Amino acid sequence: VQLQASGGGLVQPGGSLRLSCVASRSIFNINAMGWYRQVPGKQRELVADITSDGTTNYEDSAKGRFTISRDNAPNTVTLQMNTLQPEDAAVYYCYALSNGRIYWGQGTQVTVSS
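Counting from 1, position 69 in the sequence shown corresponds to residue 757 in the numbering used here; the numbering is continuous, with no gaps.
Printed below as a string of structure tokens:
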């Protein structure tokens, strides 16, 4: 497994979850890592990503609620999601961009429900 994602689950509206993604050392020169999400019947959409120089990018609805960061561990990125709403429910996919190639992790389900 080249990208290992973890941290999804069930949370009540207003709650928080933390997603983590670890890229294997077989992926060199990672230019960016981040998270997409997808709900049935819709296209996968970018939630947030971070480049190798630390530049972050967020989907509009994630701004102010989600924070993406690179941990001290090599090739690890974390998405802290706060104030989750039902519309945030989706399968979240970690990705890594390296030398023009995109790697995908397995999806992790985020469910927001009371």
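By construction, the Cβ of each residue, glycine as well, lies at the ideal position given by its N, Cα and C atoms. Since the model is a prediction, treat every value here as computed from it, not as a measurement.
DSSP places Glu733 in the strand class (E or B) of the three-state scheme. Across the structure, Ser714 and Ala693 are spaced so that their CA atoms are roughly 16 Å apart. Take the alpha-carbon of Ser740 and the one of Tyr724: they are about 18 Å apart. Partner residues in the beta bridge of Ile738, as assigned by DSSP, are Met721, Thr744.
Here Leu707 is buried, its C-beta having at least 16 other C-beta atoms within 10 Å. Between the alpha carbons of Gly793 and Pro774 lies a distance of about 23 Å.
Here Glu747 is actually not in contact with Val765; their C-beta atoms are around 16 Å apart, not less than 8 Å.
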